[in-house]
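Numbering that gives the first Met the number 0 applies: residue 0 is where the sequence shown begins, and numbers increase by one. Every residue, glycine too, gets a C-beta built ideally from N, C-alpha and C.
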Amino acid sequence: MNKCDIIIPVWNQKEVTRECLESLVKHTHYPYNLVVVDNASDSDTRIFLEKFKADHKKISIDIIRNENNVGFIKAVNQAVSVTSGRYVCVLNNDTILTDGWLGEIIKISDLYAGVGVINPSSNTLGQKPAKGQSMDEYAALCRKNTGKYIELMSCIGFCMLVRRALIAEIGFFDEVFGMGNFEDTDFCMRARSKGYLSVRALGAYVYHKENVSFNIFKKYKDEFARNRVIYEARWGRSQRVLVAVFNSRTYGNAVNTIIDREVDSGNWVFVAAKNANFAEELKQRSNVHIYGFGDSGFTARLLMKILTKKKKFDVIYTDDKQLYNICRLFSAVIKPKWYFL
0 MNKCDIIIPV WNQKEVTREC LESLVKHTHY PYNLVVVDNA SDSDTRIFLE
50 KFKADHKKIS IDIIRNENNV GFIKAVNQAV SVTSGRYVCV LNNDTILTDG
100 WLGEIIKISD LYAGVGVINP SSNTLGQKPA KGQSMDEYAA LCRKNTGKYI
150 ELMSCIGFCM LVRRALIAEI GFFDEVFGMG NFEDTDFCMR ARSKGYLSVR
200 ALGAYVYHKE NVSFNIFKKY KDEFARNRVI YEARWGRSQR VLVAVFNSRT
250 YGNAVNTIID REVDSGNWVF VAAKNANFAE ELKQRSNVHI YGFGDSGFTA
300 RLLMKILTKK KKFDVIYTDD KQLYNICRLF SAVIKPKWYF L
């Protein structure tokens, strides 16, 4: 059986890394090679990594030690260049794995040749356990969707699997993005330009603590802004799109087609609909956010959201002319493109 190279860049954070590695050993059943890239961590973390390798001799573990922090992107590319597995899984050290996560992601890769990049389900993508529900209980529910996926505009690099053949075809992370941010989206867009899909494996679940590394990276905001300029120069700026549906006769294929088109174009879609069942069906789309206003005061609450949202909508679709007419009174504040459903 072909192995997967699991690449984990590490910069200090010993306890976070310990939790990640312990969950990986416990819950990963598909054959793998583990490559930890130590980006000049302190002695405490370095010693921990060496001991972890010594304590797990039955597992293929390589530790690459950098004497300077070269950043996430270079660390990943460094590991890719010295490995040869059929699959490559980039994994953040602030993740917690659940049972069978890797085998399920690879199953999607094997079943669907047109799929190029794969994320598991995750809190980062909006899949969160209900109140009082454990992570393992939620993951067990996810596993019932084995072999199924939904398409994403792009995947996120917290846990991202690709076939090595795709890396050979288009290259991997572009090091122009420095310490990190937008390199994963850029990779997915390059894959899309070659006809490959980015998807979420519904049957796999990985919890992500989110931005633990970047929270201690002092120049994060500056790097993010710089990389955003580079990315948007290549691929354009993602728009924020509101779909506001009032009339039940509007629900159906026409609205779904609009939402699919906007998501596939790389835009973020926000849906406000009186019909709760209609909105529920859309929650699986990771680029879609649902506003749960309910029937009572629906128009007033939606209008308040439009007026007060810090990042304004670029495009609004609606089937309600009253909403449009009210918003015209605030034309100095609200300047999106309007389309009637």
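Asked	Found
Rounded C-alpha distance that separates L33 from V87	10 Å
Strand pairing of H207, partner residues [DSSP]	T94
Distance between W267 and A253 (C-alpha atoms, nearest Å)	18 Å
Per-residue burial, F54 [other beta carbons within 10 Å of its own, 16 or more giving buried]	According to the sequence shown, residue 54 is Asp rather than Phe. Label assigned to D54: exposed.
CB-CB length for T123 against G202, believed under 8 Å	17 Å between Cβ atoms; not a contact.
Validate contact between the stretch 64-78 and the stretch 163-179 using beta carbons, cut 8 Å, 3 pairs	yes
Bridge partners - F339, DSSP secondary structure assignment	T317
Beta-carbon proximity of T82 to D183, cut-off 8 Å	no
Runs of beta strand (DSSP E) wholly within the stretch 61-92 (minimum 3 residues, chain order)	86-90
Contact under 8 Å by Cβ, L160 with Y195	no
At least three beta-carbon pairs within less than 8 Å, the stretch 37-53 to the stretch 85-99	no
Host beta strand (DSSP E) of I7 (start-end)	C3 to V9
Same chain, Cβ closer than 8 Å to L322, neighbours up to 5 away in sequence not counted	A243, F245, T298, L301 and L302
Proximity of I258 and V228 at Cβ, strictly below 8 Å	no
Own chain residues within Cβ distance below 6 Å of C19, not counting five before or after	N92 and T94
Local Cβ density within 10 Å of S22, reported as buried at 16 or more and exposed below that	buried
Helix, strand or coil at M188 according to DSSP, with G and I counted as helix	helix
Straight-line Cα distance separating T317 from I169	40 Å
I305, DSSP secondary structure in three states	helix
Bridge-paired residues (DSSP) for R199	N118 and I149
P119 and I105 closer than 8 Å at C-beta	no
For L33, the three-state DSSP class (helix, strand or coil)	strand
Reduced DSSP secondary structure (H/G/I, E/B, other) of A112	coil
Length of the line joining the Cα atoms of N11 and K336	47 Å
Beta-carbon proximity of G84 to N180, cut-off 8 Å	no
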